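> Numbering (my numbering), first residue to last: 52 to 438. Cβ atoms here follow ideal geometry from the backbone N, Cα and C, with glycine treated the same way. Bear in mind the structure is a predicted one, so any value in this text is a computation, not a measurement. Just dropping this structure here.
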């Protein structure tokens, strides 16, 4: 009697063949491994995959919060009285991103000072971000309208329109700007930032200041002071005294300008009180010079560093109260670069129209009646940017 029985257990197929012959004894299969006509079973399992075949039972593996289901199956080989074995699969595992993103760096750094008014804010995250959520997370009450640009998936640029410099004197306070990247920002897996990230910075100050005057006097060639109650500039002949050429020396302290300041402008404004004698020549001039303040004769003869020419515009018949305003930014820049640290000096020379004996000079100022005349305390105006 011939018969076939099949047993399936845990994905293993057993084929048993019985053959009756002759005296009723069963022949012995010379190949007990199941090889022969029967084929070998196979199983493939990877991640969330399903392997199909015949005779398999599904199995489920759960790891963490991830459930992966796979079905392994196989078909045992069937030979002549042989036994085959089916394959058994193993479920795969897929890692899941549960790490919240963080901010690696911000530029300008938190608490930075002296920031330019065209600064672009750069926020760098720890991993690729969902860009719309990161942009929505950027919040500020005083940066004005902003535009976004991404250098890569982790680096967000923010260009504000509301940055400005505080303007005023040397005590003006800088404008402070702040922003926060909130937990609205998520990475590509949807993980939000764990906490808000606030930051702030301040922009440069736009300062206008008057430099303190340290010297303003008229001297002759030997360094002696010209005049007593007057400050003559030009050919000056006191009673019973030969005429002498008097030149005006003016010095200012640049110490109030802080180190690293960005100079924007500088101007010198002065005026004389009245004219004695003939109208001065157009060759009259203002010069930027450098000298030892204790050696006035050196100041009288010093070689000009910068010649500003006929600043009063002498060529007509204006005899009283003629002011001038000269751009001296180059002179201030040179001095701050180390030419004569912390001071700047000028010389005013008046040249008569013709050589005549006696008085032909500018009455620069009356020291008794107008101590702030001439150049004075608010003559050298300097504007600069500084933290």
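In the DSSP assignment, the beta strand (DSSP E) including residue 165 goes from what residue to what residue?
Indexing the chain shown from 1 puts residue 165 at position 114. Unbroken beta strand (DSSP E) run through residue 165: 163-166.
> CB-CB under 7 Å to residue 266, same chain, minus the five flanking residues each way: which ones, in chain order?
By one-based count along the chain shown, residue 266 stands at place 215. Here the set comprises 300, 301, 302, 344.
> Exposed or buried, what is residue 316 when buried is set at 16 or more other beta-carbons lying within 10 Å of its beta-carbon?
The residue you call residue 316 lines up with position 265 of the chain shown. Classification for residue 316: exposed.
> Which of the three DSSP states is assigned to residue 119 in this structure?
Along the chain shown, read from residue 1 onward, the residue named residue 119 stands at position 68. Confidence at residue 119 is low in this model, with a pLDDT of 35, below 50, so the placement of that residue should be treated as unreliable; the coordinate-derived value is given next. Of the three classes helix, strand and coil, the one that applies to residue 119 here is strand, per DSSP.
> Count the CB pairs spanning the stretch 266-283 and the stretch 203-216 that are closer than 8 Å, and state whether there are at least three.
no
> Do the CB positions of residue 347 and residue 270 come within less than 8 Å of each other?
Counting from one through the chain shown, the residue named residue 347 turns up at place 296. Counting from one through the chain shown, the residue named residue 270 turns up at place 219. Contact: yes.
> Do three or more CB pairs link the stretch 244-260 to the stretch 164-183 at distances below 8 Å?
With a cut-off of 8 Å, the stretch 164-183 and the stretch 244-260 count as touching, because enough Cβ pairs lie within range.
> Could you check where the alpha helix (DSSP H) with residue 255 kicks off and where it finishes?
To locate residue 255, count along the chain shown from 1; it is residue 204. Per DSSP, residue 255 belongs to no alpha helix (DSSP H) and is neither H nor E.
> If you compare alpha carbons, which of 178, 185, 246 is closest to residue 199?
Position 148 of the chain shown holds residue 199. Among 178, 185, 246, the Cα nearest to that of residue 199 belongs to 185.
> By how many angstroms is the C-alpha of residue 178 removed from the C-alpha of residue 126?
Here the question's residue 126 lines up with position 75 in the chain shown. Here the question's residue 178 lines up with position 127 in the chain shown. Because the pLDDT of residue 126 is 42, which lies under 50, any placement of that residue in the model is unreliable, and the number read from its coordinates should be weighed accordingly. Rounded to the nearest angstrom, the two C-alpha atoms are 47 Å apart.
> With DSSP run on the structure shown, which of helix, strand or coil describes residue 435?
If you number the chain shown from 1, residue 435 lands on position 384. Three-state DSSP puts residue 435 in a strand.
> Using the rule of at least 16 other Cβ atoms within 10 Å of the residue's Cβ for burial, across every protein chain shown, is residue 268 buried or exposed?
Reading the chain shown from its first residue, position 217 is the one you call residue 268. Classification for residue 268: buried.
> Could you pull out every residue in the same chain whose Cβ sits closer than 6 Å to the Cβ of residue 426, ignoring the five residues on either side in sequence?
For this step, residue 426 is matched to residue 375 along the chain shown. Result list for residue 426: 267, 301, 321, in chain order.
> Would the stretch 409-417 and the stretch 235-242 be scored as touching if the rule is three or more Cβ pairs under 8 Å?
no
> Look at residue 398 and residue 356 and say whether their C-beta atoms are less than 8 Å apart.
In the chain shown, the residue the question calls residue 398 occupies position 347. In the chain shown, the residue the question calls residue 356 occupies position 305. Against a cut-off of 8 Å, the Cβ pair of residue 356 and residue 398 comes out as no contact.
> DSSP on residue 356, reduced to helix/strand/coil?
For the purposes of this step, residue 356 is taken as the residue at position 305 of the chain shown. It is coil, neither helix nor strand.
> Could you tell me the boundaries of the alpha helix (DSSP H) in which residue 179 lies?
Translated into the one-based positions of the chain shown, residue 179 becomes position 128. From DSSP, residue 179 is part of no alpha helix (DSSP H); its letter is neither H nor E.
> Considering only the alpha carbon of each residue, which of 350, 416, 157 lies closest to residue 229?
Taking the first residue of the chain shown as 1, we reach residue 229 at position 178. Selected option, being the one with the closest Cα: 157.
> Using three-state DSSP, classify residue 285 as helix, strand or coil.
Sequence index remark: in the chain shown, residue 285 carries index 234 (1-based). Note: residue 285 maps to strand in three-state DSSP.
> Under 8 Å by Cβ, that's how I've got residue 259 and residue 432 pegged, so tell me the actual separation to the nearest angstrom.
In the chain shown, the residue the question calls residue 259 occupies position 208. In the chain shown, the residue the question calls residue 432 occupies position 381. Yes, they are in contact, since the Cβ atoms of residue 259 and residue 432 sit about 7 Å apart, within 8 Å.
> Assuming residue 436 and residue 312 form a contact by the criterion Cβ under 8 Å, report the distance between their Cβ atoms to the nearest whole angstrom.
Start at 1 with the first residue of the chain shown, and residue 436 comes out as number 385. Start at 1 with the first residue of the chain shown, and residue 312 comes out as number 261. 7 Å between Cβ atoms; contact.
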